[in-house]
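Reading through the structure tokens given below for one structure.
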Amino acid sequence: MTRSVIRMVGCAAVLALAAVPGVAAAQDVRTVDAETGPVAFANAVAVKVGEDGQGGGTVITETQRSPVSPGGSKLSQDRSTVPASDGEKNAIGPHYAINLGRFEPGASPFPAGVTSREHNIVATLRDTTVPAAVAESNYALRDLRAETAEDSTITEDSTTAETTEPSGGAESAPGSSVASTVLAFEGARSAVECAAADDVTAETTADALWVLGEDGELAPAELPRGDAELRLENLPLGAPLNLQDADDEHSTSDVVVRRVTEFDQLLRQEKWRGGDVTAAAGWHVEIISQLRDAEGEDLGKVVRTRMVFGGVSCSLPHGFAALPPRSQQRPAVPIKIPAGVSVQESGQEPLGYALVGAGLVLGAAALLVRRPARRRGCEQVRQNGE
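Taken in order, the sequence shown gives residues -26 to -1, 1 to 360; the numbers are from mature numbering (1 follows the signal peptide of the UniProt record, and there is no 0).
This is the structure we're talking about:
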């Protein structure tokens, strides 16, 4: 197997390509071109917080890419939360956390009745060379400030805390951390398949959705239909960042939930590419935080937080034709794009050279972009896990 290595100058990544398409094709006619052929991508969670100068950043979890020969690439169950490291926490702020469905007994961030489960994030190249991807999981977005406040209340009066039931909204299991949850999906599923230029499917569904209400309680919400959006305004929720003069108690947020219907609506790395024909799916959540000071006065500052849960895509080149299925197939040849570091100019989207784990070898790094609050200039892309 021939290996091509591209060396990037300075802080760029080193890309290791597992096979040269021309050579692989001679051995297996079902191998597709790694750069232009049919491909699928699947991602669990991507988050972008704030704009330049606000101190926010971007975290994109380990994106799975379909192999160049029939097979699949699946996200490890080791990824169960965001942030999962200090680097990720520094990129998106200290206050928000996302659970991907799995939790310990007595520590559920979901409403009562939602059981712990493993996610299923897979990008596949079918035996016919048709690309497909699916992302299935439960998601819970938590505001950790609420959890801290609850712990303080329990410390002051543990007897009252143990016997008082929630005043409304979603019921919580005993000992759960659902009190800090501001949004939750149960049974979220996004899937795409690109069988032909005129046969492309994309769907985004969920069994249930809960969102924080104006009364501060988690309550069931109706899922938006089609391309419509669900918008809830003036919710008691602060920004994920700590910003000067902003007071969490007085700041409020609008929450907008809608489906991903276009490729450009995904939060993705540069190596996550489209094609001549592309389909995309996923749940897009935007939180628009209006900052106020301790007196309740509007500071005239807004922090926008974008999240994509279960972002998936598939794409085809011009002239693609699926191959007939066969009964036996060779194992997929894994591709791994190793971790690297890049320096990025302020205002650009993340480069993320090393963040797509393709084939049967999964990428072990998430994309981190930190935008400094005080000095406008370069953004640093960090990756961990290698």
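A virtual CB, placed ideally from N, CA and C, is assigned to each residue, including glycine.
Per-residue burial, residue i [other beta carbons within 10 Å of its own, 16 or more giving buried]
i: P68; result: exposed
i: R205; result: exposed
i: V6; result: buried
i: T252; result: buried
i: A8; result: buried
i: A162; result: buried
i: D250; result: exposed
i: residue 410; result: With the chain running from -26 to 360 in the structure shown, residue 410 is simply not present.
i: R300; result: exposed
i: residue 365; result: For the chain, the structure presents residues -26 to 360; residue 365 sits outside this window and is missing.
i: A202; result: exposed
i: R65; result: The sequence as given places Ala at residue 65; Arg does not occur at that position. Buried.
i: A213; result: buried
i: D172; result: exposed
Alpha-carbon to alpha-carbon, residue j and residue i
i: S287; j: T55; result: 22 Å
i: G29; j: T35; result: 20 Å
i: S82; j: V152; result: 6 Å
i: V229; j: L217; result: 20 Å
i: S40; j: L297; result: 17 Å
i: T179; j: Y113; result: 13 Å
i: A220; j: V276; result: 11 Å
i: N73; j: E167; result: 27 Å
i: V33; j: E62; result: 6 Å
i: residue 368; j: R242; result: Limits of the chain in this structure are -26 at one end and 360 at the other, which puts residue 368 out of reach.
i: P57; j: T89; result: 22 Å
i: G248; j: G80; result: 42 Å
i: residue 440; j: G293; result: Outside the modelled stretch of the chain, which goes from -26 to 360, sits residue 440, for which no answer is possible.
i: A86; j: T103; result: 42 Å
i: G285; j: V19; result: 7 Å
i: V259; j: R232; result: 7 Å
i: T37; j: K48; result: 9 Å
i: R278; j: A165; result: 27 Å
i: V21; j: D60; result: 15 Å
i: G270; j: I261; result: 20 Å
i: D272; j: S263; result: 11 Å
i: W246; j: S289; result: 11 Å
i: V282; j: W184; result: 16 Å
i: S111; j: D222; result: 30 Å
i: P194; j: R91; result: 20 Å
i: V42; j: E244; result: 18 Å
i: P198; j: L115; result: 18 Å
Option nearest residue i by Cα separation, candidates the options
i: R280; options: Q239, R4 and A202; result: Q239
i: R119; options: V156, L183 and V88; result: V156
i: A255; options: A16, G11, T5 and T10; result: A16
i: G31; options: E223, Y70 and T37; result: Y70
i: D52; options: G46, F77 and G45; result: F77
i: H93; options: E269, E160 and E196; result: E160
i: A170; options: A268, F84, P198 and A106; result: A106
i: F84; options: T252, H292 and A158; result: A158
i: E191; options: A176, D181, L211 and D172; result: L211
i: S50; options: A213, A202 and I95; result: I95
i: E236; options: W257, D222 and S225; result: W257
i: V13; options: G24, L99, I66 and V23; result: L99
i: H224; options: A202, A268 and E196; result: A268
i: S227; options: T175, L265 and W184; result: L265
i: E121; options: S154, V174 and E244; result: S154
i: D181; options: E196, L115, E188 and D172; result: E196
i: A176; options: V234, V282, E244 and F283; result: V234
i: E207; options: E188, A295 and S111; result: E188
i: S295; options: S111, E244, F283 and V174; result: The question names Ser, but residue 295 is Ala in the sequence shown. The candidate whose alpha carbon is nearest that of A295 is V174.
Whole-number beta carbon distance between residue j and residue i, since they are thought to touch under 8 Å
i: residue 411; j: D101; result: Any answer about residue 411 is impossible in this case: the structure gives the chain only from -26 up to 360.
i: G46; j: A97; result: 7 Å
i: L186; j: L209; result: 5 Å
i: P291; j: G11; result: 6 Å
9 Å Cβ cutoff, residue i in contact with chain B
i: A109; result: Of the chains in the structure shown, none is chain B; there is only one protein chain.
message: Could you tell me which whole beta strand (DSSP E) segments of length 3 or greater appear in the segment 157 to 199?
response: List check, beta strand (DSSP E) in window: 173 to 179, 182 to 186 and 192 to 195.
- request: Pick out the complete beta strand (DSSP E) segments inside the segment 201 to 228, 3 residues or longer, and give them in chain order.
  value: Runs found: 203 to 209.
query: Fully enclosed by the segment 31 to 91, which alpha helix (DSSP H) runs are 4 residues long or longer?
result: 60 to 66
message: For a minimum of 4 consecutive residues, which ranges assigned as the alpha helix (DSSP H) are wholly contained in the segment 247 to 297?
response: none
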